[in-house]
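Reading through the structure tokens given below for one structure.
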Amino acid sequence: MPESKIIQWKQKGENSDEDQYNNEENSENEYTDGEITETEEREDKNLIAGTNSNKSPKNVSLTEYWKRRRWKKYLKKVDNEWQLLNLGIENVIKKMIERNNAELEKWETQQAHKWLHSNNLYAQYASLYKKITPSIEIDNVIEQMGNKLKEKIYNRWNNLQTENENNIRKWVIEQWNEWKNAKIISWLMCDWKRNENEKWVQWKNKYRYHIKYAPNRNEYHVWQKRTNIEKKQWSNWVRIKEDHYIYNIEILCNKEKNAYKKSIIKWINDIADNFVKNPQLRLWIEQQQVKPFPRKKLLKGSKVKSSERSNIEINA
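In terms of UniProt numbering, the sequence shown is residues 1 to 316.
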């Protein structure tokens, strides 16, 4: 199984998140990074002094517009990176399926030898014989054993396939969780975003018992509303990806499984046909049927009752 490390999709020449923030061109209505930093510092001083911010409503609006645009662009950037991640995951899944199929081919060879060419065929006969319904007709016994063999091999194959699918699903979910967590952390750790969050958390702690009359309360509610919108949009984006892609890995796995299923059923039928046609099987069954039926051991209570019944008959 591939190592559980986040898949790196950063291509040659691609800027990091911070580089893109710093080098990104701003529209006419957006603040520059320096202006935002200056504004935040001025707000911090106002909070310490307990006075309202001197920003005009227009400047507040422009600041919020800039921040909303930042989030919108970042979410779009993450969505584009997700397309690369999804393609990469699909390619890895295909390679894992190919490797699993190669291992299953080895397993098929082992099964064919076990049931057709083993030096201990009688033990294999006995393992099936004890699971069938007793019958005096040898042909019926052979048919039952053949069906049990088909069922046994198919169930084992199906379990192996399920185990492989679970391993693939586990790996994909690990990759996804690591990737999505890294993306949202990258957003939250941007300098301006981190400073803003820390500022308002400190403000809330300071005025928690009288927020209604605290300075800069309107700005706090604007920040709170924007932050809640970001959380909701991120949660919705994650849920859509998980519902349509991450938790539907079985769609791709089942496609490969169904393509392989016809050949495996034919192979199982061939194994069973060769198994029941082996003359050693009929001879072995005949030997079992001439053996005396094993007497079941009586329980201690049954022995006592049998002894009492014998005494009654003798006394009678």
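Cβ atoms here follow ideal geometry from the backbone N, Cα and C, with glycine treated the same way.
- Contiguous alpha helix (DSSP H) elements confined to the stretch 130-197 occur at 138-188, taking only those with 4 or more residues.
- Going by DSSP, Y245 is part of no alpha helix (DSSP H) at all; its letter is neither H nor E.
- Residue environment for Y247: exposed (fewer than 16 other C-beta atoms within 10 angstroms of its C-beta).
- By the 16-neighbour rule on beta-carbons within 10 angstroms, A272 is buried.
- One thing to note: F275 has its Cβ within 8 Å of the Cβ of G146.
- DSSP places P279 inside the alpha helix (DSSP H), whose first and last residues are P279 to V290.
- In this structure, the beta-carbon distance from E286 to I132 does not fall below 8 Å.
- Y125 sits close to L281, with the two beta carbons spaced by under 8 Å.
- Straight-line spacing of the CA atoms in M189 and P215 works out to 26 Å.
- Three or more pairs of CB atoms, one per stretch, sit closer than 8 Å, so the stretch 155-169 contacts the stretch 100-115.
- As the crow flies, the alpha-carbon of W115 is around 7 Å from that of L121.
- Residue environment for K193: buried (at least 16 other C-beta atoms within 10 angstroms of its C-beta).
- If you draw a straight line from the Cα of R68 to the Cα of K77, it comes to about 14 Å.
- Secondary structure of S235 (DSSP, three-state): helix.
- If you ignore the 5 residues before and after Y207, its C-beta comes within less than 6 Å of the C-beta of A214, all in its own chain and listed in chain order.
- When DSSP states are grouped into helix, strand and coil, H210 belongs to the coil group.
- Relative to K199, the option among I265, L149, N119 and Y220 whose CA is nearest is Y220.
- K231 and K212 have their C-alpha atoms spaced approximately 24 Å apart.
- Taking every protein chain shown into account, the CB of V201 has fewer than 16 other CB atoms within 10 angstroms, so this residue is exposed.
- Rounded to the nearest whole angstrom, the C-alpha separation of N258 and Y129 is 31 Å.
- The three-state reading of DSSP puts H117 in coil, since its state is none of H, G, I, E or B.
- Going by beta carbons, R169 and I268 fall outside the 8 Å limit.
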